[in-house]
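>
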Amino acid sequence: MEARYEGLLGLIEQEILSNRLILPSLPEMALRVRELCSSEDVDIAHLEKVIAKDAAIAARLLKVANSSAMHCGIPLNSLKQAISRLGLNLVRSLVTQLAILQTMQGSGDDERLRGYVDTGLRISALCHSLSQSLPHLDREQAALAGLLHDIGKLPLLRFFKSHPELAPDENTRMDIEQALHPEVGAILLRHWNFPEELIQVAREHEAMERDAAELADYTDLVITANLLHHGVEQGAYAHLAGRIPAMKKCLPSSPSPQDMQERIEQRMAMSLDLLDA
Numbered sequence: 009m010e011a012r013y014e015g016l017l018g019l020i021e022q023e024i025l026s027n028r029l030i031l032p033s034l035p036e037m038a039l040r041v042r043e044l045c046s047s048e049d050v051d052i053a054h055l056e057k058v059i060a061k062d063a064a065i066a067a068r069l070l071k072v073a074n075s076s077a078m079h080c081g082i083p084l085n086s087l088k089q090a091i092s093r094l095g096l097n098l099v100r101s102l103v104t105q106l107a108i109l110q111t112m113q114g115s116g117d118d119e120r121l122r123g124y125v126d127t128g129l130r131i132s133a134l135c136h137s138l139s140q141s142l143p144h145l146d147r148e149q150a151a152l153a154g155l156l157h158d159i160g161k162l163p164l165l166r167f168f169k170s171h172p173e174l175a176p177d178e179n180t181r182m183d184i185e186q187a188l189h190p191e192v193g194a195i196l197l198r199h200w201n202f203p204e205e206l207i208q209v210a211r212e213h214e215a216m217e218r219d220a221a222e223l224a225d226y227t228d229l230v231i232t233a234n235l236l237h238h239g240v241e242q243g244a245y246a247h248l249a250g251r252i253p254a255m256k257k258c259l260p261s262s263p264s265p266q267d268m269q270e271r272i273e274q275r276m277a278m279s280l281d282l283l284d285a
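In terms of our numbering, the sequence shown has 66 at position 58, counting the first letter as 1, and numbering is strictly consecutive.
1) For residue 70, which of 23, 122, 93 and 51 has the nearest alpha-carbon?
2) Give the straight-line distance between the Cα atoms of residue 54 and residue 184, rounded to the nearest whole angstrom.
3) What is the DSSP secondary structure of residue 144, reduced to helix, strand or coil?
4) So what's residue 136 in DSSP terms, helix, strand or just coil?
5) To the nearest angstrom, report how far apart residue 281 and residue 102 are at their CA atoms.
6) Would you give the residue range spanned by the alpha helix (DSSP H) that residue 211 belongs to?
7) Using the beta-carbon count (16 or more within 10 Å), is residue 30 buried or exposed?
8) Quick one, which of 58, 252 and 234 has its alpha-carbon nearest residue 127's?
9) Tell whether a beta-carbon distance below 8 Å holds between residue 16 and residue 174.
10) Kindly list the residues whose CB is nearer than 6 Å to the CB of residue 129, restricted to its own chain and excluding five residues on each side of it in sequence; keep chain order.
11) Could you give the DSSP three-state label for residue 278: helix, strand or coil?
12) According to DSSP, simplified to helix, strand and coil, what is residue 173?
13) Closest to residue 217 by C-alpha separation, out of 203, 206 and 232, would be which residue?
14) Among 14, 145, 201 and 192, which residue has its Cα nearest to the Cα of residue 24?
15) Can you grab the Cα-Cα spacing for the pair residue 28 / residue 112, in whole Å?
16) So the alpha helix (DSSP H) residue 181 belongs to, where does it begin and stop?
17) Could you work out which residue in 37, 106 and 214 is closest to residue 254 when comparing CA atoms only?
18) Shortest alpha-carbon distance to residue 164 belongs to which of 272, 120 and 150?
19) For my contact list, residue 153 and residue 209 are in at a C-beta cut-off of 8 Å; report their separation, rounded to the angstrom.
20) Go through its chain and collect everything with a Cβ distance to residue 196's Cβ below 8 Å, but skip five positions before and after it.
21) Could you give the distance in angstroms between the alpha-carbon of residue 63 and the alpha-carbon of residue 83?
22) Would the beta-carbon of residue 150 fall within 8 Å of that of residue 226?
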């Protein structure tokens, strides 16, 4: 990282420590659901009560459980049935996803955030699809990795509002954001007590020549999904086309383009059902 960016990162870290830059928080209910769903002896009745306290989230989970993406024709009318159909892993993922999206949407600059959300959902769906051919990776963790990879841009929006003199024009702001959002994202995910593998995604997803292990990990998935989404034929990474380690690990066993597109559309439909309930 260039010295000018290191200085800015140091300033951001100081402002976080002194509470001048307040990191966004996930709702307590979402954190509790993540904790319960991760427990080996989870009490489903207790989980249902926790989710039921937020009628909006309960309604959204029920809508997703009844959606065409779940491939079930029998309609459900209770939260308990929805939890049973979705499964604990997907319930945890959907509640976390919704909490993150609501946090993003409540941070101002609606147009820019809409772009982050749209891209995040698409990368998330791509990661979910790619992971289905990589059995050592969890599909829902892959989807969450895709949604979270650019999360560092969220605190940076707040930082620029407090320090407009540091980004006097759009090009300067974008340069700073591109340089700093990986480290800032790692800081935010650590603040949220997310697992190290997702913190690593935030920090390393821009390292296109990264080759950390023989098998693909979640960071490799996000790198590949980003390149599939944005393309490698032109732009900043065109000179690396054909020799990006992550793509070599993630794509040889990937489904056909048609199957992948169907999976992506199903996942996007589920995400939209979650948002639009």
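The beta-carbon is built from N, C-alpha and C at its ideal position, and this holds for glycine as well.
The answer reads as follows:
1) For the options 23, 122, 93 and 51, the alpha carbon positioned closest to that of residue 70 is the one of 93.
2) 45 Å
3) coil
4) In the structure shown, residue 136 sits in a helix (DSSP, three-state: H, G or I).
5) So the two alpha carbons sit approximately 11 Å from each other.
6) Counting along the chain, the unbroken alpha helix (DSSP H) around residue 211 starts and ends at 204-212.
7) Residue 30 sits exposed, since fewer than 16 C-beta atoms from the chains shown fall within 10 Å of its C-beta.
8) 234
9) yes
10) In chain order, 279 place their CB closer than 6 Å to the CB of residue 129, counting only its own chain and leaving out the 5 sequence neighbours on each side.
11) helix
12) helix
13) 232
14) The candidate whose alpha carbon is nearest that of residue 24 is 192.
15) 19 Å
16) 178-199
17) 214
18) The residue with the shortest Cα to Cα distance from residue 164 is 120.
19) A Cβ-Cβ separation of about 5 Å places residue 153 in contact with residue 209 under the 8 Å criterion.
20) Contacts found: 31, 32, 159, 160, 162, 163 and 210.
21) 19 Å
22) In this structure, residue 150 lies near residue 226, with their beta-carbon atoms less than 8 Å apart.
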